[in-house]
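Step one of this worksheet: look at the structure below.
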Amino acid sequence: MCGIVGCILKENNRNVAPILFDCISKLEYRGYDSIGLATYDGNIHIKKDKGKIDEVNRKLDLPDMPGSFGIAHVRWATHGDPSKLNAHPQMDEENTIAVVHNGIIENNTKLKADLIAEGHTFKSDTDTEVIPHLIQKFMDEGRDLEHAVRKTIEILEGAYAIAAISSREPDKIVATRKDSPLIVGLGGDGYYLASDSPAILKYAKDIIYPEKGEIVILDRTGVVVHDEFDNPINKEVDTINWTPEMAEKEGYDHFMIKEINEQATSVKNTLTQKDNIQKIIDDLDDISRICFVACGTSYHASLTGKYLLESLAGIPTDVILASEFKYSAKTLDENTLVIFISQSGETADSLKALDVANETSKTLGIVNVAGSSITRRAQYVIQTQAGPEIGVAATKTYVSQLTAVYLFAALMAKDDRLLNDLDKVPDFINEVLEDVESIKAMSQRYNYAKDFFYLGRGYSYPTALEGALKLKEISYIHGEGYAAGELKHGPLALIDEGIPVVVVIPPGDSHKKTMSNLEEVKSRGARVLAFGAADDEELAEKAPEVFKINPEVSEIIAPLVYIVPLQLLSYYITIEKGFDPDKPRNLAKCVTVE
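Letter by letter, the sequence shown follows residues 65 to 658 in the working numbering.
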């Protein structure tokens, strides 16, 4: 979704625009069809336009704006095409109030009609523009900015994180949230707010997490938080352990390739959560069923969890897409553990499902972002240790999620052998990364394709799904993952001369049948790209192209290792096609609306 930033400096003789620009640049992964800044120095100044940050900055010189406080926004369109008029900040018709907003106002059509009937004039096609108009209306009635914002959110329906400034009440930023992420930073030279911590890591590490309906007021003297009844409240202050350098490219061409190369460390760091996970398991009594709830890449990690928990611990396990969860909610009971996996901890569908699950069942969140909504609302939390992930296509957070799921399953099943094997995974990943030239050469041979198929059985089936997802997310090539045994039930009709088929085929129980499926697609003219063990002589004989992986990588831990070359293949095909893998079209890092 969109990203928002706000800052008010303690000294009023410094310009805040360079800081706002720096901060909002760190959030471009949240939206990149337009950018805008609003600052104040006696009047509200706005610069905004459609386009990516660098494009707009070359035209407008965004850091060159007067004023010591302001707000900023990067957009991912939901209402209205990308345009200068639809870019944020949005203003009231008197140009006295500027607002940035992340989320969707579901009743904006009615609100807009009512305001037009009262004489208001609108300029944009956004749902956001009703917010400054409502604030203007309520300030005209005699309310201050804080209480005008409070009155506004009483009638808004939907998800939002909002920050507002007004020339009627200078030296103040007022913000609030509902179902969209918002953090507040306490820095040495000022006070900050943002949609995500990478934006302000450089300036503030002490963080406050506002809850739904709370109003946050930033001025030059500090931060005040009021609850929904207008009472001041003391918020706990957390410290972010991530460093600013962790959110930088550090010499890599793109965040995605940097984050792929950080996966061995991510696994190693997440393995340190073993004791925490054991404490959670010790506290769980009478669990007769487990249900994973997730979206996208996290859904694929959940599917792997189903295979692990059912085969190792014998616990019936379901995997439900968060957006479909409401159709299964009545099957929950007090003996069900519902596990929510989310990179951001702010996924809107998952949060809705979590609130429902908390009414009947035990809940566990597997999340990468400390202090996110899922970490505050789930009964138990496993914190993955991937560090900040900026690339939109999840890579190191996926293997970190998998690592947490593997630890949970191994400890539930008391499987010491699997626990020992997990310790070897970082070395196996590094071995794959050492052979990146093979993947580069492969990408040059196959970037022509319009369709790709990915096949796997058992533990390798979710890997096939995730490999296909990575390809279509960033290269815009149609990729589909299938359970290899499903070929004869329809997909085989699509196999034609020259179509690339990726076969994930580690050594193990599924190898023989997967080899038969490989033969089926090969005989129909497919170009087979096999990913298997380096000592697999049969595979070397039958597959025209093999990426060779350490034969010690068993079938059960293969998902943690075999996904890495598939990520690399997607990345280098995307580079060959001239696209930016960090900023895929129509996608954003954190989906905070349903």
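Virtual Cβ for every residue (Gly too), placed ideally from N, Cα, C.
For this session: Below 7 Å CB to CB, which residues in the same chain sit around Pro600 once its five sequence neighbours on both sides are set aside?
Result: Rather than Pro, the amino acid found at residue 600 in this sequence is Asp. Contacts found: Pro571.
Exercise. Any idea what DSSP makes of Cys66, helix, strand or coil?
Worked result: coil
For this session: Please report the residue range of the beta strand (DSSP E) in which Leu101 lies.
Result: Ser98 to Tyr104
Problem set entry | At least 3 beta-carbon pairs within less than 8 Å: the region 493-505 vs the region 326-344 | yes
Exercise. Got a sec, what are the start and stop residues for the alpha helix (DSSP H) Thr527 sits in?
Worked result: Ser524 to Ser539
Exercise. Start and end of the alpha helix (DSSP H) containing His211?
Worked result: Leu209 to Ile219
Problem set entry | Distance CB(Pro645)-CB(His152) smaller than 8 Å | no
Exercise. Would the beta-carbon of Ile688 fall within 8 Å of that of Gly70?
Worked result: Since the first residue of the chain shown is 65 and the last is 658, residue 688 is not available in this structure.
Exercise. Out of Arg353, Ile219 and Tyr635, which has the shortest C-alpha to C-alpha gap to Gln508?
Worked result: Tyr635
Exercise. Excluding sequence positions up to five away, which residues of its chain have a Cβ less than 8 Å from the Cβ of Ala81?
Worked result: Leu101, Thr103, Leu126, Pro127, Asp128, Met129, Pro130, Gly131 and Gly134
Exercise. What does Pro296 pair with, by DSSP beta-bridge criteria?
Worked result: His290
For this session: Starting from Thr361, trace the alpha helix (DSSP H) both ways and give me its first and last residue.
Result: Gly360 to Leu372
Problem set entry | Distance between beta carbons of Ile446 and Ile341, contact taken as under 8 Å | 6 Å
Problem set entry | Supposed contact pair His143 and Thr190 - C-beta distance, whole angstroms, cut 8 Å | 5 Å
For this session: Could you name the residues of the same chain whose beta carbon sits closer than 6 Å to that of Ser366, not counting the 5 residues immediately before and after it, in chain order?
Result: Phe356, Ala358, Val383 and Ile405
Exercise. In chain order, what residues of the same chain lie with their CB nearer than 7 Å to the CB of Lys641, ignoring the 5 residues before and after it?
Worked result: Asn511 and Ser539
Exercise. Is the CB-CB distance between Ala386 and Ser414 below 8 Å?
Worked result: yes
Exercise. Does the region 220-240 come close enough to the region 272-288 to have 3 or more Cβ pairs within less than 8 Å?
Worked result: yes
Exercise. What are the boundary residues of the beta strand (DSSP E) that includes Val331?
Worked result: From DSSP, Val331 is part of no beta strand (DSSP E) but of the alpha helix (DSSP H) over Gln327 to Thr334.
Problem set entry | Three-state class that DSSP yields for Thr638 in the structure shown | helix
Exercise. With distances taken from CA atoms, which of Val301, Arg284 and Met506 is nearest Thr638?
Worked result: Met506
Problem set entry | Own chain partners of Ala393 with C-beta closer than 7 Å, once the 5 adjacent residues on each side are dropped | Val420
For this session: Can you have a look at His137 and say buried or exposed, based on whether 16 or more other CB atoms are within 10 angstroms of its CB?
Result: buried
For this session: Kindly examine the ligand MN and report whether one of its heavy atoms sits closer than 7 Å to the Cβ of Ile569.
Result: In the structure on display, the ligand MN does not appear, and there are no ligands present to speak of.
Exercise. Taking only runs of the beta strand (DSSP E) that begin and end inside the region 494-527, which ones reach a length of at least 3 residues, in chain order?
Worked result: 515-520
For this session: Quick one: which unbroken beta strand (DSSP E) runs of 3-plus residues sit fully inside the region 436-475? Chain order, please.
Result: 444-447
Problem set entry | 8 Å Cβ cutoff met for Leu282 and Leu257 | yes
For this session: Measure the beta-carbon distance from Ser425 to Thr400 and round it to whole angstroms, keeping in mind my assumption that it falls under 8 Å.
Result: 4 Å
Exercise. So, helix, strand or coil for Gln342, using DSSP?
Worked result: helix
Exercise. Touching or not, the region 434-446 and the region 310-325, by the rule of three or more beta carbon pairs under 8 Å?
Worked result: no
For this session: Could you work out which residue in Lys116, Ile108 and Thr192 is closest to Glu158 when comparing CA atoms only?
Result: Ile108
Exercise. Under a three-way DSSP split, which group does Pro564 fall into?
Worked result: strand
Exercise. By DSSP, does Phe611 sit in helix, in strand, or in coil?
Worked result: strand
For this session: Between the Cα of Ala412 and those of Glu92, Tyr371, Tyr546 and Phe389, spot the shortest distance and give me the residue it belongs to.
Result: Phe389
Exercise. Hey, Gly554 and Tyr518: beta-carbon distance below 8 Å or not?
Worked result: no
Exercise. By Cβ distance below 7 Å, which residues in the same chain neighbour His575 in space, the five residues on each side in sequence not counted?
Worked result: Ile569
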